[in-house]
């Protein structure tokens with residue numbers, strides 16, 4: 001894919017972490033032995049991680065560390081994307097590209113929890129049953145003619161929101177798939193086909209919007225904001241939302257985990273666990 005932040009190696013990757021507090025400032029509200037989940041931004045693939053207390057939240061009851069890590073990154077990102085940036089309303093239709101990946105899975109589950117109809121696009125045949133198990137309303141193959149299939153599934157209206165973590169060749173049709181006053185949420189560029197562009201006159205003529213979603217940048221610039229979105233996800237968890245079981249690798253097998261992602265062998269979220 002394409003990334004906005006390029007680091008010179010060597011560095012330790014890994015953004016989301018979960019585990020037990022070893023030490024914390026006295027006025028932080030956290031103490032040794034407490035189970036927490038945190039946004040590290042970098043350096044998470046390690047046995048010990050230091051993070052700002054503002055980026056730490058208690059791990060929800062009933063979730064293990066791997067499940068909580070999935071909620072910290074993907075689910076908070078998509079709660080921020082759908083509820084705040086996209087201003088999703090109950091009854092609207094959400095179209096999700098890259099639906100079998102970590103962001104796609106979170107998009108589906110949060111959109112459904114917020115009362116939306118969800119159409120999921122799938123480009124891996126082996127992912128169809130997995131995506132159906134998430135409770136989507138419509139599953140469509142991301143093949144030639146997919147735009148017309150979306151139009152047919154929405155009685156010609158198009159989608160109120162499009163979640164696009166993929167970019168690449170699908171982007172132009174993703175814009176065309178928007179209903180009047182629709183919003184396309186730009187989450188990333190996993191296709192690795194460069195950064196797509198849009199002719200802004202198309203946005204004007206059709207009364208649609210393309211909206212950037214940079215959750216990490218937002219929480220870095222707005223102190224205390226992460227707790228707001230963590231609380232929103234927490235309420236959905238209390239109401240019954242559970243991420244599907246993540247794919248687990250040992251911390252020493254991080255290279256294998258990355259290769260599995262690159263090969264398309266991961267459905268949902270992959271996590272590394274110290275051994």
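Numbering (UniProt numbering), first residue to last: 1 to 275. Glycine included, every Cβ here is placed at the ideal spot set by N, Cα and C. Small disclaimer: the values here were computed from a predicted structure and weren't measured.
Look at the alpha carbon of residue i and the alpha carbon of residue j, and state the distance between them as a whole number of angstroms.
| i | j | result |
| --- | --- | --- |
| residue 42 | residue 155 | 44 angstroms |
| residue 16 | residue 39 | 5 angstroms |
| residue 153 | residue 146 | 10 angstroms |
| residue 212 | residue 115 | 22 angstroms |
| residue 193 | residue 174 | 15 angstroms |
| residue 63 | residue 238 | 11 angstroms |
| residue 107 | residue 189 | 16 angstroms |
| residue 180 | residue 214 | 24 angstroms |
| residue 198 | residue 264 | 28 angstroms |
| residue 120 | residue 19 | 33 angstroms |
| residue 260 | residue 252 | 14 angstroms |
| residue 274 | residue 88 | 38 angstroms |
| residue 234 | residue 221 | 22 angstroms |
| residue 123 | residue 32 | 45 angstroms |
| residue 8 | residue 129 | 40 angstroms |
| residue 159 | residue 6 | 33 angstroms |
May I ask you to report which of helix, strand or coil DSSP gives residue i?
| i | result |
| --- | --- |
| residue 72 | helix |
| residue 104 | helix |
| residue 110 | helix |
| residue 202 | helix |
| residue 6 | coil |
| residue 54 | helix |
| residue 150 | helix |
| residue 143 | coil |
| residue 67 | helix |
| residue 89 | coil |
| residue 94 | strand |
| residue 189 | strand |
| residue 138 | strand |
| residue 155 | coil |
Looking at the unbroken alpha helix (DSSP H) that takes in residue i, where does it start and where does it end?
| i | result |
| --- | --- |
| residue 159 | From DSSP, residue 159 is part of no alpha helix (DSSP H) but of the beta strand (DSSP E) over 159 to 164. |
| residue 178 | Counting along the chain, residue 178 falls outside any alpha helix (DSSP H), though it belongs to the beta strand (DSSP E) covering 178 to 186. |
| residue 228 | 225 to 238 |
| residue 130 | 128 to 132 |
| residue 217 | 215 to 221 |
Starting from residue i and walking both ways along the beta strand (DSSP E), at which residues does that stretch end?
| i | result |
| --- | --- |
| residue 16 | 16 to 20 |
| residue 35 | 35 to 39 |
| residue 29 | From DSSP, residue 29 is part of no beta strand (DSSP E); its letter is neither H nor E. |
| residue 261 | Residue 261 -> not in any beta strand (DSSP E); alpha helix (DSSP H) instead, spanning 254 to 262. |
| residue 118 | 117 to 122 |
| residue 211 | 209 to 212 |
| residue 248 | 247 to 250 |
| residue 273 | 270 to 273 |
So, are the CB atoms of residue i and residue j less than 8 angstroms apart?
| i | j | result |
| --- | --- | --- |
| residue 243 | residue 71 | yes |
| residue 196 | residue 168 | yes |
| residue 136 | residue 150 | no |
| residue 267 | residue 110 | no |
| residue 262 | residue 249 | no |
| residue 210 | residue 69 | no |
| residue 10 | residue 45 | no |
| residue 138 | residue 99 | no |
| residue 36 | residue 58 | yes |
### Query
Is it a yes or a no for the segment 148 to 165 touching the segment 177 to 191, going by three-plus beta-carbon pairs under 8 angstroms?
yes
### Query
Are the segment 223 to 230 and the segment 51 to 63 touching by the rule of at least three beta carbon pairs closer than 8 angstroms?
yes
### Query
Would you call the segment 17 to 37 and the segment 74 to 81 touching, i.e. three or more CB-CB distances under 8 angstroms?
no
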